[in-house]
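Protein chains in written order, with our numbering: chain S, 1 to 169; chain Z, 1001 to 1169; chain A, 2001 to 2086; chain X, 3001 to 3086.
The beta-carbon is built from N, C-alpha and C at its ideal position, and this holds for glycine as well.
Values in this document were obtained by computation on a predicted structure and should not be read as measured data.
First comes the structure, then the notes that go with it.
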Amino acid sequence: MTDIYTAVVDISHGPLDPTAALDFVSDPRFGGIATFIGRVRQHNLGRAVTGVSYDLFEPLALRMFQDIGERARAEVGGPLKLYIAHAKGDLRIGDLAVVVAAATPHRDEAFRACRLAIEAVKHEAPIWKKEHYVDGDSAWSEGCSLCEEHREAERQAVKQHGDAHGHGH
Amino acid sequence: MTDIYTAVVDISHGPLDPTAALDFVSDPRFGGIATFIGRVRQHNLGRAVTGVSYDLFEPLALRMFQDIGERARAEVGGPLKLYIAHAKGDLRIGDLAVVVAAATPHRDEAFRACRLAIEAVKHEAPIWKKEHYVDGDSAWSEGCSLCEEHREAERQAVKQHGDAHGHGH
Amino acid sequence: MKVRITLFGALRDADSRGYIELDMPEQSTIAALREALQHHVHDHAPPISAGLVQRSAFASEHEILHNHRTVPEDGQIAILPPVSGG
Amino acid sequence: MKVRITLFGALRDADSRGYIELDMPEQSTIAALREALQHHVHDHAPPISAGLVQRSAFASEHEILHNHRTVPEDGQIAILPPVSGG
């Protein structure tokens, strides 16, 4: 489907490109473009970070990005262009980790499609983040289980604690 | 306040610049950047459009953008950088009318700040759009009243009709 | 006092100079200015609907001025028809 | 049959080659593979917690394979610990 662009970008070949995302989704039919950009930040959970590494199961990740795009299209229920790109490899502070752009005739659908896509990328796509700390230590981030039984358990925990997501990302 | 950038850009001097918006809001503290870009589209309410003209009461518009930024900051309740720029003058199909970018430590606040800002710009800022049609006709767009009594009347009408906004923009 | 009302959007069509000047008593309220402007527009720019002036807000460069406020001392004011930015 | 389980994220530490090979009966379920992998990891990579294997999903290049599914005929499968993209 040419209205949905998906990519995994090896950061050693070049950074993610928000301008390319805007170019892809731009269309004379569309008045609203919502984008989300995830950037590596200096601190996480109080620890000073020097960089992160992303590991991906690439063929499945790309398939999922495409599925996510189809879900966003169903949610919007009208014309949509959607761009999803995620970085892989070793990123420094300020490097872009993910770029999502959604364009639709009106802004509400664009925001909804963009939000749906980034939430799904974060919670469902086979991507793992390792954080590197100033002290030389590193650790894989806590994540979302893709395992049915554990997803259900996580949802229950979220309900009980009343926060937006069980492990705060 | 240097964390909030506001501008009215005369389109005859150059286009709005989404990359400048990203550069302004980027910060090592921030992991999430949400942006909204409004683009002139080919059709509105079923009529073929050749372009639009924006008229602004510029000093008040800039003051309001700043106020909107302060409201977004209060809504977020933490660090925020926000960029709001609106075009003035004669725009063609595909030209950018408005660029909003919001950056915060986490993505939920970035989306909320961006959405709050674009809604406020559309519904409250002293900006008027004239559409030019293929047949040579042109018309000022229906808009949101800034008059207390009429705002209240519009809110009531929206409630009764159950749609998101009384005049569909 | 002389009050200069700067026009925007659809109200620009009320006077090609981009403003309308009215003589108003000192300390007039915005409500009184609105009424005077409606009469003026009715007489001088009949294509402009009275409803459009009713739905418009008045403002200085600093803020919206609602009906109970008084006209600024410098006599400078803007009339803002319903807005349609973005 | 020989099943090659490709490792990702925190589970990469379970084998520096990036995969673990296990011998499984034909038509084994994912649940059975999970149990066998837990034993293997317990014996060969004790720093990896059993809980991590429990919270992980199995997948082909095409889809997540839940516990009731059978291991793909080509013996190629991936194990996906909890994800943390974005």
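Where the stretch 1009-1035 of chain Z meets chain S: residues whose CB sits under 9 Å from a CB there: Pro1018, Thr1019, Leu1022, Ser1026, Asp1027, Pro1028, Arg1029, Phe1030, Gly1031, Gly1032, Ile1033, Ala1034 and Thr1035
Under 7 Å by beta carbon: chain S residues contacting X/Gly3009: Asp55, Trp128 and Trp140
Integer Cβ distance of S/Ala103 from S/Asp27, believed to fall under 8 Å: A Cβ-Cβ separation of about 6 Å places S/Ala103 in contact with S/Asp27 under the 8 Å criterion.
Buried/exposed call for X/Met3001, threshold 16 Cβ in 10 Å: exposed
Cβ-based burial, A/His2039 [other Cβ within 10 Å; buried from 16]: exposed
Rounded separation between S/Ala72 and S/Ser141 - CA only: 27 Å
8 Å CB neighbourhood of Z/Thr1035 in its chain, flanking five on each side removed: When the five nearest sequence neighbours on each side are left out, the beta carbons in the same chain lying within less than 8 Å of the beta carbon of Z/Thr1035 are those of Pro1018, Ala1021, Leu1022, Val1099, Val1100, Ala1101, Ala1102 and Cys1114, in order along the chain.
Under 9 Å between C-beta atoms of X/Ala3078 and X/Thr3006: yes
Candidates S/Val9, S/Val76 and S/Thr2, of which the one nearest S/Asp90 by Cα: S/Val9
Per DSSP, cross-strand counterpart(s) of Z/Ala1097: The partner list for Z/Ala1097 (beta bridge, DSSP) is empty, contrary to what the question assumes.
Rounded separation between S/Cys147 and S/Ala125 - CA only: 12 Å
Per DSSP, cross-strand counterpart(s) of Z/Lys1088: Z/Asp1010
DSSP state of Z/His1150 mapped onto helix, strand, coil: If DSSP states are grouped into helix, strand and coil, Z/His1150 belongs with the helices.
Contact set between S/Ala113 and chain X, taken where Cβ atoms lie within less than 9 Å: Ordered by position in chain X, no residue passes the 9 Å Cβ test against S/Ala113, which lies about 16 Å from the chain.
Spatial distance of S/Val25 from Z/Thr1050 (CA atoms): 20 Å
Distance CB(S/Arg41)-CB(Z/Gly1077) smaller than 9 Å: no
Closest residue to X/Thr3070 among X/Ala3014, X/Leu3011, X/Glu3026 and X/Ala3050 (Cα-Cα distance): Ranking the options by Cα distance to X/Thr3070, first place goes to X/Glu3026.
CA-to-CA distance, S/Ser145 to X/His3066, given in whole angstroms: 12 Å
C-beta contact flag for A/Ala2090 and A/Ile2064 at 9 Å: Because chain A spans 2001 through 2086 in this model, residue 2090 of chain A falls outside it and cannot be assessed.
Close-in-space but distant-in-sequence residues of the same chain around X/Pro3082 (CB under 6 Å, 5 per side omitted): Excluding its 5 nearest sequence neighbours in each direction, X/Pro3082 has C-beta neighbours in its own chain below 6 Å: Arg3055, listed in chain order.
Spatial neighbours of Z/Gly1094 in its chain, beta-carbon cut-off 7 Å, leaving aside the 5 residues before and after: Arg1039 and Val1040
Nearest-angstrom Cα separation, counted from Z/Gln1156 out to S/Asp3: 39 Å
Assigned exposure category for A/Val2041 - 16 Cβ within 10 Å defines buried: buried
Beta-bridge pairing of Z/Ile1033 - partner residues as DSSP gives them: When beta bridges are read from the DSSP output, Z/Ile1033 appears opposite S/Ile37 and Z/Ala1103.
CB of S/Ala87 within 9 Å of CB of S/Pro15, strictly: yes
Residue environment, X/Glu3021, which counts as buried when at least 16 other CB atoms sit within 10 Å: exposed
Bridge partners - A/Ala2078, DSSP secondary structure assignment: A/Ala2078 pairs with A/Thr2006 and A/Ala2059.
Residue from S/Ala139, S/Gly136, S/Thr6 and S/Lys159 whose Cα sits closest to the Cα of S/Met206: Outside the shown range of chain S, which is 1 to 169, sits residue 206 of chain S, and nothing can be said about it.
Own chain partners of X/Leu3033 with C-beta closer than 8 Å, once the 5 adjacent residues on each side are dropped: Val3003, Ile3005, Leu3022, Met3024, Phe3058, Val3071 and Ile3077
Residue from S/Lys130, S/Lys81 and S/Glu131 with nearest C-alpha to S/Glu109: S/Lys81
Proximal residues, the stretch 72-106 of chain S versus chain X, C-beta separation under 8 Å: Within the stretch 72-106 of chain S, His86, Ala97 and Val98 place their CB atoms closer than 8 Å to a CB of chain X, listed in sequence order.
Closer than 9 Å to chain Z by CB, S/Ala110: yes
Beta-carbon proximity check, S/Leu60 vs X/Glu3073, cutoff 9 Å: no
Alpha carbon of Z/Asp1055 to alpha carbon of S/Ala48, nearest angstrom: 47 Å
Secondary structure of Z/Val1121, DSSP reduced to three states: helix
CB contact below 9 Å: A/Pro2081 versus chain Z: yes
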